[in-house]
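Engineer: Residue numbers (my numbering): 22 to 325.
Here's what the structure looks like:
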């Protein structure tokens with residue numbers, strides 16, 4: 022596989038040509054992967070349910086294009102000196118707070134039982150940027166997004182003696198799955214909107230695309246233009262996303278989302294936060310997002 026990749030990379034470097042399917046791409050499952058709905062049958066496109074597994078691929082340069090949380094990619098460039106640059110951001114936040122209906126006054130407070138997940142990671146950092154530490158006394162962390170979804174569905178935290186849950190921090194598409202199947206549950210807060218209000222209208226630059234420095238500019242430019250077109254078309258007509266994913270009989274396993282759910286969440290005000298923004302043109306927003314993780318301002322050299 023590595024020999025095949027090296028031969029392909031050499032060809033791309035020498036010719037500067039590009040056609041969809043030639044570049045090797047890896048993305049986390051979930052929202053970022055949906056950007057590649059037109060790559061469902063592309064043998065050079067792969068996903069991974071654990072974004073941390075993508076870093077070794079970048080270290081070994083076994084992929085042309087890597088998508089992962091913006092902070093993780095920047096840290097890999099700065100700390101591990103991977104031979105990639107940040108080119109574009111593909112997701113702009115898909116984190117929400119949902120209500121179980123258990124809270125009598127309907128207002129999230131520190132005295133309520135609030136469930137969250139991925140302590141110290143993106144969902145937690147966004148929550149704390151929006152609310153500060155004012156709700157910390159009510160916060161209880163579960164092991165995964167799947168466990169958080171169970172808490173919203175049941176209204177209880179079975180990992181904490183079945184205590185009643187009032188609010189749950191959850192990402193799309195898990196949120197839509199629960200809200201569409203469980204009466205009494207509701208959306209309480211859109212953290213993307215609250216983040217923009219607090220930041221002065223800057224978006225969450227959540228998951229970004231990194232390109233191998235060895236690729237020719239013409240190849241990368243053509244690929245990015247093609248991907249931006251796909252994303253914009255999918256946002257305009259969400260049925261294209263479902264159609265694209267359904268070209269692969271194992272779409273749910275590859276993308277981590279059922280095709281019909283991907284369509285529904287996109288159609289519902291772009292709940293997964295898909296989009297396309299060139300990184301270099303949004304340094305201020307990226308630096309703000311990175312500051313949530315204690316990462317200093319970026320150097321111009323890391324941008325494509």
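Beta carbons are placed, not taken as given, at the ideal position from N, Cα and C, and that holds for glycine.
1) The beta strand (DSSP E) with residue 117 in it runs from where to where?
2) What are the start and end residues of the alpha helix (DSSP H) that includes residue 70?
3) Rounded to a whole number of angstroms, what is the C-alpha to C-alpha distance between residue 23 and residue 83?
4) Taking the Cβ atom as the reference point for each residue, do residue 119 and residue 212 lie within a distance shorter than 8 Å?
5) Determine the closest residue to residue 327 out of 137, 210, 245, with distance taken between C-alpha atoms.
6) Using DSSP with H/G/I as helix, E/B as strand and the rest coil, what is residue 219?
7) I need the straight-line Cα distance from residue 86 to residue 184, nearest angstrom please.
8) Name the two residues that bound the continuous alpha helix (DSSP H) containing residue 313.
9) Hey, would you say residue 187 sits closer than 8 Å to residue 133, going by beta carbons?
10) Whose C-beta lies closer than 6 Å to the C-beta of residue 193 among residues of the same chain, with five residues either side of it excluded?
11) Please report the straight-line C-alpha distance between residue 143 and residue 122, rounded to a whole angstrom.
12) Please state whether the Cβ-Cβ distance between residue 210 and residue 112 is less than 8 Å.
13) Span of the beta strand (DSSP E) holding residue 152?
14) Taking 8 Å as the cut-off, does the stretch 230-241 touch the stretch 142-159 (at least 3 CB pairs, one atom from each stretch)?
15) Can you give me the Cβ contacts of residue 231 inside the same chain, cut-off strictly under 6 Å, excluding the 5 residues immediately before and after it?
16) Give a yes or no on whether the C-beta atoms belonging to residue 252 and residue 197 are separated by under 8 Å.
17) Keeping to the same chain, check which residues put their C-beta closer than 7 Å to that of residue 145; ignore five residues upstream and five downstream.
18) Residues in the same chain with beta-carbon distance under 7 Å from residue 306, minus the five sequence neighbours each way, listed in chain order, please.
19) Answer yes or no: do residue 195 and residue 228 have a C-beta to C-beta separation smaller than 8 Å?
20) By how many angstroms is the C-alpha of residue 47 removed from the C-alpha of residue 18?
21) Which residue spans inside the stretch 218-258 form an unbroken alpha helix (DSSP H) run of at least 4?
22) Based on DSSP bridge pairs, tell me the residues matched to residue 86.
23) What's the gap between the Cα of residue 278 and the Cα of residue 204?
Structural biologist: Working from what's here:
1) 116-120
2) Neither: residue 70 is in no alpha helix (DSSP H) and is coded neither H nor E.
3) The predicted model places residue 23 with a pLDDT of 48, which falls under 50 and marks its position as unreliable; any figure quoted below should be read in that light. When rounded, the distance between both Cα atoms is 7 Å.
4) no
5) What the structure shows of the chain is the stretch from 22 to 325, and residue 327 is not part of that stretch, so it cannot be assessed.
6) helix
7) Rounded to the nearest angstrom, the two C-alpha atoms are 44 Å apart.
8) Looking at the DSSP string, residue 313 is not in any alpha helix (DSSP H), and its letter there is neither H nor E.
9) yes
10) Shown here for residue 193: same chain residues with a beta carbon closer than 6 Å to its own, the five before and five after excluded, namely 115, 286, 292, 293 in chain order.
11) 26 Å
12) no
13) It is not in any beta strand (DSSP E) - residue 152 instead sits in the alpha helix (DSSP H) that spans 143-152.
14) no
15) 87, 94, 105, 107
16) no
17) 137, 139
18) 223, 224, 226
19) No, the Cβ-Cβ distance between residue 195 and residue 228 is not below 8 Å.
20) There is no way to answer for residue 18, as the model of the chain reaches only from 22 to 325.
21) Fully enclosed alpha helix (DSSP H) runs of 4 or longer: 238-257.
22) In the DSSP output, where bridge partners are listed per residue, residue 86 has 46, 232.
23) 22 Å
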